[in-house]
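Residue numbers (the numbering used here): 3 to 204.
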């Protein structure tokens, strides 16, 4: 897979380069050069340093010209920033100095067309959605497509609970919770918890 690394911080680019020994990396400091490359390689991922390019990324968002498969990383990630970026189509948001294991998980998640966030942001995204805040359309789709037990699991997901915590609360096994979660994703046509939250609050 081709991955474009975009930053004007040489040390950070070197750090990202060391974390990735599986993909073809293209390192650049030039956003225009990056855009040209993406026109020819539409499946490529781009990892952008928000500390270097925040204003440019925000302009792309406001003009609705965001590239596909854009990952945004920041030295000190903020939940509010993450919520805003994810809700506008960014595929992943997190710490630019994350560990190699998390970096690889992020790449795999985005490559498989899912959204990746760090745990605290995922919980915050889920907690912004409560039943009283769900749109009428969201409530209707939940009512018509999900079983009673799936609705219970869904509401606990929206509270930000993990599978283990849901299992404990509902007095069922974690394996059963995973089966319910998988069924919910299938019935609502989403791939992960972040996509589920975005579906229900949009």
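Glycine included, each C-beta is placed from N, C-alpha and C at the ideal position.
>> If the criterion is Cβ atoms closer than 8 Å, does the pair residue 190 and residue 200 meet it?
In response: For this step, residue 190 is matched to residue 188 along the chain shown. For this step, residue 200 is matched to residue 198 along the chain shown. Going by C-beta atoms, residue 190 is not nearer than 8 Å to residue 200.
> Which residue or residues does DSSP assign as beta-bridge partners of residue 6?
Replying inline: Residue 6 sits at position 4 when you count from the first residue of the chain shown. Answer is 28 and 48, bridged to residue 6.
> What whole-angstrom Cβ distance do residue 124 and residue 177 have, given they're in contact under 8 Å?
Replying inline: The sequence position of residue 124 within the chain shown is 122, counting from 1. The sequence position of residue 177 within the chain shown is 175, counting from 1. Not quite, the Cβ-Cβ distance comes to about 21 Å (not below 8 Å), so this is no contact.
> Taking three-plus beta-carbon pairs below 8 Å as touching, is the stretch 90-100 in contact with the stretch 66-81?
Replying inline: yes
>> By alpha-carbon positions, which one of 9, 119 and 62 ends up nearest to residue 88?
In response: Within the chain shown, numbered from 1, the residue matching residue 88 stands at position 86. Nearest of 9, 119 and 62 to residue 88, Cα basis: 119.
>> Does residue 166 pass the burial test, meaning 16 or more other C-beta atoms within 10 Å, or should it be called exposed?
In response: Your numbering for residue 166 matches position 164 in the chain shown. Looking at its Cβ environment, which holds fewer than 16 other Cβ atoms inside 10 Å, residue 166 is exposed.
> Are residue 158 and residue 186 touching if we call contact CB-CB under 8 Å?
Replying inline: Here residue 158 refers to the residue found at position 156 of the chain shown. Here residue 186 refers to the residue found at position 184 of the chain shown. Cβ atoms of residue 158 and residue 186: not closer than 8 Å.
>> Going by DSSP, what residue range makes up the beta strand (DSSP E) through residue 97?
In response: Locating residue 97 in the chain shown gives position 95, where the first residue counts as 1. Its beta strand (DSSP E) spans residues 94-97.
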